[in-house]
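Here the structure is laid out as structure tokens; the discussion comes afterwards.
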Amino acid sequence: MKASDAEILTMMKSPHKRELGLRKLMDTYQSRLYWHIRRMVVEHEGTQDILQNTFIKIYQKIDAFKEESTLFTWLYKIASNEALQYLAKEKKMPRIGMESAKDYMESQINLHADPNAEEIQILLQKAIHTLPEKQRLVFNLRYYDEIPYEEISQIVEMSVGTLKTNYHYAKQKIEIYIKEHYEKI
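Residue numbering for the sequence shown follows full-length UniProt numbering, starting at 1 and increasing by one per position.
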């Protein structure tokens with residue numbers, strides 16, 4: 001049986017039960033956080049590194065959590081920030097053969113795509129990765145994770161109106177990309 005957020009917080013804020021609380025937290029949220037990060041980063045190894053850093057940061061900063069938001073929102077905020085920092089570092093790394101960041105992401109999507117995935121799913125992932133990182137984050141949180149705008153607002157620190165606009169433009173860009181590339185499949 002999975003522990004409630006309140007039980008997890010109580011354990012993690014107790015010095016004697018902190019490690020047990022972390023295990024419960026990981027049991028409860030590891031899969032969701034993994035896939036949230038994976039949609040941003042694409043490759044498994046980077047996702048694992050970010051997830052590990054996320055849990056380390058949570059463990060270190062749990063006493064600073066003021067419960068002004070839900071535990072879920074706080075976890076997603078940390079994971080999102082870690083993913084964005086990772087992507088920023090990746091952008092700065094020189095690519096062999098001067099491969100553009102866009103070409104690199106497309107090759108990573110092709111390399112790490114589920115062999116059972118339909119072409120349209122792979123095309124959707126490629127389209128999503130053409131979005132600016134913050135817009136991609138907003139799209140993923142809303143579309144895949146089905147998080148309400150109010151919670152996304154706390155995670156990415158944007159107003160609900162700005163989020164709705166970002167999501168709308170992201171959908172438009174994805175639709176255009178798919179229309180342009182679907183016939184090439």
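For each residue, glycine too, the CB sits at the ideal point set by N, CA and C. Model, not experiment: these values are computed from the prediction.
Check: Opening and closing residue of the alpha helix (DSSP H) in which K63 lies; Outcome: In the sequence on display, residue 63 carries Asp and not Lys. Run containing D63: none; DSSP gives neither H nor E here.
Check: Rounded distance between the beta-carbons of K2 and M11, thought under 8 Å; Outcome: Incorrect: roughly 13 Å between the Cβ atoms, too far for contact.
Check: Beta-carbon proximity list for R39, same chain, < 7 Å, skipping 5 on both sides; Outcome: N140, Y144
Check: CB contact flag (L9, V41, <8 Å); Outcome: no
Check: Three-way DSSP call (helix, strand, coil) for E7 in this model; Outcome: helix
Check: The region 168-178 in contact with the region 123-143 per 3-pair CB rule at 8 Å; Outcome: yes
Check: Coil, strand or helix - L123 by DSSP; Outcome: helix
Check: Meets three-Cβ-pair contact criterion under 8 Å: the region 66-73 and the region 41-50; Outcome: no
Check: Separation of H16 from H129, as counted between CA atoms; Outcome: 43 Å
Check: For L131 and K77, believed in contact at Cβ under 8 Å, the rounded distance; Outcome: Between L131 and K77 the Cβ distance is about 19 Å, and since that is not below 8 Å, they are no contact.
Check: Short Cβ contact (8 Å threshold) for I152 with L163; Outcome: yes
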